[in-house]
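Heads up: the sequence lines are chains A and B, in that order.
Residue numbering for the first sequence follows my numbering, beginning at 45 and increasing consecutively.
Residue numbering for the second sequence follows my numbering, beginning at 45 and increasing consecutively.
Every residue, glycine too, gets a C-beta built ideally from N, C-alpha and C.
First comes the structure, then the notes that go with it.
2 protein chains.
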Amino acid sequence: MAVYTEISDDDLSALMAEYDIGGVMSCKGIAEGVENSNYLLRTDKGQFFLTLYEKRVKEGDLPFFLGLMDHLSLKGVRCPVPIRGRDGVILRRVAGRPAAIVSFVDGVSVRNPGVSHCGQLGQALAGLHSAGKDFALRRPNALSVDGWRPLVDACLGNADRVRPGLSEELGSELSLLETRWPRHLPEGVIHADLFPDNVHFLGGKLSGLIDFYFACDDFLAYDLAVCLNAWCFEADGAYNLTKGRALLREYCADRTLTAAEVAAFPLLCRGAAFRFLLTRLYDWLNQVPGALVKPKDPLEYWRKLGFHRAAKGPAAYGLE
Amino acid sequence: MAVYTEISDDDLSALMAEYDIGGVMSCKGIAEGVENSNYLLRTDKGQFFLTLYEKRVKEGDLPFFLGLMDHLSLKGVRCPVPIRGRDGVILRRVAGRPAAIVSFVDGVSVRNPGVSHCGQLGQALAGLHSAGKDFALRRPNALSVDGWRPLVDACLGNADRVRPGLSEELGSELSLLETRWPRHLPEGVIHADLFPDNVHFLGGKLSGLIDFYFACDDFLAYDLAVCLNAWCFEADGAYNLTKGRALLREYCADRTLTAAEVAAFPLLCRGAAFRFLLTRLYDWLNQVPGALVKPKDPLEYWRKLGFHRAAKGPAAYGLE
Chain A
45 MAVYTEISDD
55 DLSALMAEYD
65 IGGVMSCKGI
75 AEGVENSNYL
85 LRTDKGQFFL
95 TLYEKRVKEG
105 DLPFFLGLMD
115 HLSLKGVRCP
125 VPIRGRDGVI
135 LRRVAGRPAA
145 IVSFVDGVSV
155 RNPGVSHCGQ
165 LGQALAGLHS
175 AGKDFALRRP
185 NALSVDGWRP
195 LVDACLGNAD
205 RVRPGLSEEL
215 GSELSLLETR
225 WPRHLPEGVI
235 HADLFPDNVH
245 FLGGKLSGLI
255 DFYFACDDFL
265 AYDLAVCLNA
275 WCFEADGAYN
285 LTKGRALLRE
295 YCADRTLTAA
305 EVAAFPLLCR
315 GAAFRFLLTR
325 LYDWLNQVPG
335 ALVKPKDPLE
345 YWRKLGFHRA
355 AKGPAAYGLE
Chain B
45 MAVYTEISDD
55 DLSALMAEYD
65 IGGVMSCKGI
75 AEGVENSNYL
85 LRTDKGQFFL
95 TLYEKRVKEG
105 DLPFFLGLMD
115 HLSLKGVRCP
125 VPIRGRDGVI
135 LRRVAGRPAA
145 IVSFVDGVSV
155 RNPGVSHCGQ
165 LGQALAGLHS
175 AGKDFALRRP
185 NALSVDGWRP
195 LVDACLGNAD
205 RVRPGLSEEL
215 GSELSLLETR
225 WPRHLPEGVI
235 HADLFPDNVH
245 FLGGKLSGLI
255 DFYFACDDFL
265 AYDLAVCLNA
275 WCFEADGAYN
285 LTKGRALLRE
295 YCADRTLTAA
305 EVAAFPLLCR
315 GAAFRFLLTR
325 LYDWLNQVPG
335 ALVKPKDPLE
345 YWRKLGFHRA
355 AKGPAAYGLE
């Protein structure tokens with residue numbers, strides 16, 4: 045995170061005058077969030093999250109992201125609720141940046157999710173997909189199969205520095221995925237980045253989903269594959285079948301997968317692993333020395349990809 | 045800030061079990077503080093500040109800093125109050141780092157302090173000096189006159205990149221300061237870094253002083269000089285006599301300056317400006333590309349130094 049906009053007390057006072065959410069008690073810039081400048085804002089009425097959107101987020105996408113959170117929260121999904129000013133407006137400008145205030149989702153994220161966490165995630169993900177059904181706006185997934193080749197091309201020259209032979213593997217894997225990627229599966233709004241960082245728990249119970257800035261339209265089961273990769277593997281790279289089963293069972297309790305989704309699931313997992321291998325590899329190869337956020341290990345996802353390439357079918361995941 | 049220790053939910057749970065401050069509602073790493081990893085910790089009983097001390101803070105100094113905050117808060121100074129665990133202990137270890145929890149000081153810092161802010165600061169600074177009188181621990185000021193030559197030496201080769209002729213000016217200024225620096229003035233515990241960042245206001249009223257990690261023993265009037273430099277100059281480099289008078293008047297209302305302090309004040313201001321010119325210059329010349337915190341402009345303090353060099357005596361500051 046090389047960009048961070050500081051908000052002055054005068055900017056903050058001017059902003060707060062637009063809202064009816066109480067007087068400022070404190071406002072601290074927080075260290076997470078690679079894409080934006082985030083502030084934890086506490087007033088005498090509660091705790092909020094103020095985001096100033098930096099260049100990596102397209103301003104044209106903000107009505108989708110904020111509209112989605114607004115829509116989902118009205119449907120009962122526990123997620124940040126965009127706060128409207130006295131004028132009814134959610135998105136405004138602060139310190140020259142687009143900015144919005146959302147409610148704060150209590151809880152902390154878990155570093156090593158257990159079976160119960162995975163089950164609760166499955167239930168919450170199904171709830172998210174169900175609540176998103178009648179959301180009116182659309183945003184194609186720029187990081188699905190059609191978006192992978194430019195990233196592969198950008199990494200090819202240097203990928204072997206991370207692991208000898210990786211460039212060739214990326215090329216052949218991409219060709220296979222492009223050929224076999226499904227064309228027709230149930231679609232809808234997906235979170236697309238529901239890692240443990242983006243799920244809060246309070247006293248062991250899921251208290252909310254956060255960070256909707258990768259949300260888009262895509263196959264619903266692809267979102268489930270992203271979660272399986274992020275939640276159901278152990279630190280040593282092994283797939284934890286018990287956690288995977290808990291995730292899938294609780295998801296399917298709310299939304300039954302179609303036969304086509306079940307059949308495609310191993311390939312979706314493979315594609316999801318490839319997508320995070322690619323973006324992590326890109327960030328690894330283009331890292332900024334001394335930046336606050338250390339790039340994540342791309343090879344974690346290379347190992348997960350290996351599991352999916354060897355998987356014999358849906359049963360390997362606990363899908364019957 | 046290139047170092048940041050992430051605290052896991054398991055580390056946090058283990059830590060909280062040592063305290064009687066309620067259950068965790070949220071815990072977010074915050075983006076300020078160049079020296080340490082800071083977390084805003086909210087429980088059902090209140091808001092706290094959890095600090096993991098990184099390498100730039102000497103572990104041996106922590107009993108001084110934490111003991112000082114404890115001492116000052118007992119004397120009624122509004123500052124972070126170190127929280128004792130059930131075992132009575134303040135300083136412990138988290139994620140391999142020394143760590144402590146302190147109370148959160150409500151309020152926000154002001155970017156452009158007005159006359160009223162300066163007056164309130166003067167009053168609070170005098171209160172701090174008075175409350176610190178009987179604090180038992182000692183910590184010499186490593187960044188006073190004896191500590192400047194190594195920094196000058198480290199900058200000499202490159203200072204002219206920032207401003208032609210700066211190396212020569214640094215050398216002659218240092219010689220003058222070393223020769224004329226006072227030897228006997230009233231001493232005590234000083235904050236030593238009481239910039240607007242480190243003072244909180246709530247509804248226009250000073251609500252507390254924070255960040256005691258430069259606190260040390262030195263001339264009390266030197267602390268006042270640091271504040272005058274940080275609070276009473278305008279963005280264009282001009283000294284604001286009205287703000288300076290408010291600061292000095294309110295400070296002196298609580299603690300009368302001795303004749304020797306008044307006589308030495310212009311030189312103390314000059315030394316204080318030199319000290320921040322030096323450390324900012326050093327950080328500027330040794331900056332880490334892409335780091336979250338942008339180094340501050342050293343020449344701001346070069347301009348302030350120019351004012352002090354030209355000042356005819358205490359009256360130039362509003363000291364009668």
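Query: Length at least 4, wholly inside the region 255 to 330 of chain A: the alpha helix (DSSP H) runs in chain order; Result: 264 to 275, 285 to 298, 303 to 329
Query: Endpoints, alpha helix (DSSP H) assigned at residue 176 of chain A; Result: 159 to 176
Query: Chain B contact residues for residue 69 of chain A, given Cβ-Cβ distances below 8 angstroms; Result: 150, 151, 246
Query: Spatially closest choice to residue 198 of chain A from A:268, A:129, A:329, by CA coordinates; Result: A:329
Query: Given 8 angstroms, three or more beta-carbon pairs between the region 201 to 220 of chain A and the region 245 to 258 of chain A; Result: no
Query: Any non-hydrogen atom of the ligand PLP within 8 angstroms of residue 48 of chain B CB; Result: Ligands in the displayed structure: none, and consequently the ligand PLP is not present.
Query: Cutoff 9 angstroms: residue 52 of chain A Cβ touching any chain B Cβ; Result: yes
Query: Beta carbon proximity, residue 156 of chain A to chain B, threshold 9 angstroms; Result: yes
Query: Within-9 angstroms CB hit, residue 305 of chain B to chain A; Result: no
Query: Validate contact between the region 111 to 128 of chain B and the region 78 to 85 of chain B using beta carbons, cut 8 angstroms, 3 pairs; Result: no
Query: For residue 188 of chain B, the three-state DSSP class (helix, strand or coil); Result: coil
Query: Beta carbon proximity, residue 56 of chain B to chain A, threshold 9 angstroms; Result: yes
Query: In chain order, each alpha helix (DSSP H) run of at least 4 residues that lies wholly inside the region 204 to 248 of chain A; Result: 210 to 224
Query: Within chain A, partners of residue 73 of chain B - CB distance below 8 angstroms; Result: 74, 75, 76
Query: Whether residue 231 of chain B touches residue 261 of chain B by CB criterion (9 angstroms); Result: yes
Query: Per DSSP, the bridge partner or partners of residue 68 of chain A; Result: A:87
Query: Closest Cα partner of residue 150 of chain B within the set A:294, A:88, A:220, A:286; Result: A:88
Query: Closest Cα partner of residue 250 of chain B within the set B:153, B:68, B:131, B:133; Result: B:153
Query: Cβ-Cβ separation, residue 94 of chain A to residue 143 of chain A (assumed contact under 8 angstroms), whole Å; Result: 7 angstroms
Query: Test: residue 86 of chain B CB closer than 9 angstroms to a CB of chain A; Result: yes
Query: DSSP state of residue 252 of chain B mapped onto helix, strand, coil; Result: strand
Query: Cα-Cα separation, residue 65 of chain A to residue 352 of chain A; Result: 48 angstroms
Query: Three-state secondary structure (DSSP) of residue 179 of chain B; Result: coil
Query: Candidates A:310, A:76, A:101, A:67: closest to residue 224 of chain A by CA position; Result: A:310
Query: Beta-carbon spacing of residue 363 of chain B, residue 321 of chain B below 9 angstroms; Result: no
Query: Identity of the residue in B:177, B:50, B:188, B:128 nearest residue 270 of chain B by Cα; Result: B:188
Query: Helix, strand or coil at residue 138 of chain B [DSSP, three-state]; Result: strand
Query: Reference residue 266 of chain A, options A:236, A:203, A:138, A:343, closest by Cα; Result: A:236
Query: Contact list for the region 88 to 117 of chain A against chain B, Cβ threshold 9 angstroms; Result: 91
Query: Environment of residue 156 of chain A [buried if 16+ CB atoms lie within 10 Å]; Result: exposed
Query: Residue-chain proximity (residue 257 of chain B, chain A), Cβ-Cβ < 9 angstroms; Result: no
Query: Residue 45 of chain A in three-state terms, based on DSSP; Result: Residue placement at residue 45 of chain A is poorly supported in this model, since its pLDDT is 40, which falls under 50; the coordinates still yield a value, given next. Three-state result, residue 45 of chain A: coil.
Query: For residue 349 of chain A, the nearest candidate out of A:338, A:319, A:327, A:264 (CA to CA); Result: A:319
Query: is_contact[residue 48 of chain A, chain B] using C-beta, thresh 9 angstroms; Result: yes
Query: Outcome for residue 278 of chain A when other beta-carbon atoms lying within 10 angstroms are tallied against a minimum of 16; Result: exposed
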